[in-house]
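Colleague: Residue numbers (full-length UniProt numbering): 1 to 178.
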Amino acid sequence: EQRKKQEEKARKKAEVRKRLEESTKSKKGGFMTPERKKKLRTLLRKKAAEELKREQERKAEERKKMITERCGQPKNVENANEGIKLACSKPRSESKEHLEDILKRQLLYKPQRPKSTTELTSVLHQKWRRISAAKPQKLKDNLSNRVAALIAAPNLILIFDLSAVEADRTDVQIFFII
1 EQRKKQEEKA RKKAEVRKRL EESTKSKKGG FMTPERKKKL RTLLRKKAAE
51 ELKREQERKA EERKKMITER CGQPKNVENA NEGIKLACSK PRSESKEHLE
101 DILKRQLLYK PQRPKSTTEL TSVLHQKWRR ISAAKPQKLK DNLSNRVAAL
151 IAAPNLILIF DLSAVEADRT DVQIFFII
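1. Between which two residues does the alpha helix (DSSP H) harbouring MET66 extend?
2. What number of angstroms, rounded off, separates the C-alpha of LEU43 from the C-alpha of LYS12?
3. What's the gap between the Cα of GLU61 and the Cα of GLU55?
What follows is the structure, given as structure tokens:
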């Protein structure tokens, strides 16, 4: 009797085990078929392509925005008169020649050192005219007095830092070597 009970228990366990294995096999094998895998891959590719396209469009918009911020809106040349159209359509060779002439003049120009106080003062006053009138008058008057004292010194070599004057700063420096 006990033997029969044990055999029956073993048989029931085997049946239950067999049913569970069959149910797990049917669940596993039926979900991701090769057709579903292909569809999923194509959907993922399409989604990635659309995302990439949106990103490129966004970057192009940013570039256009930066260009308009830096350069401003393009001018309307279609409704302009003939003079403006001709000015805009100058040949490049003409402008290139003009730039070459300017460069030659700058290279050949050698400024001469002023030999007297009056020449130096006139050069400095020309530079001072470029500075706005809002600069303090005291600095302007003081500069010419310092220059006159320096020129009176014997064996003097003057080096002017006029970049400060042209940059509209008040700290003009005059270097001298005795």
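For every residue, glycine included, the Cβ atom is placed at its ideal position computed from N, Cα and C. Quick caveat: nothing in here was measured; it's all calculated off a predicted structure.
Modeller: In short, the structure shows the following:
1. 34-71
2. 47 Å
3. 10 Å
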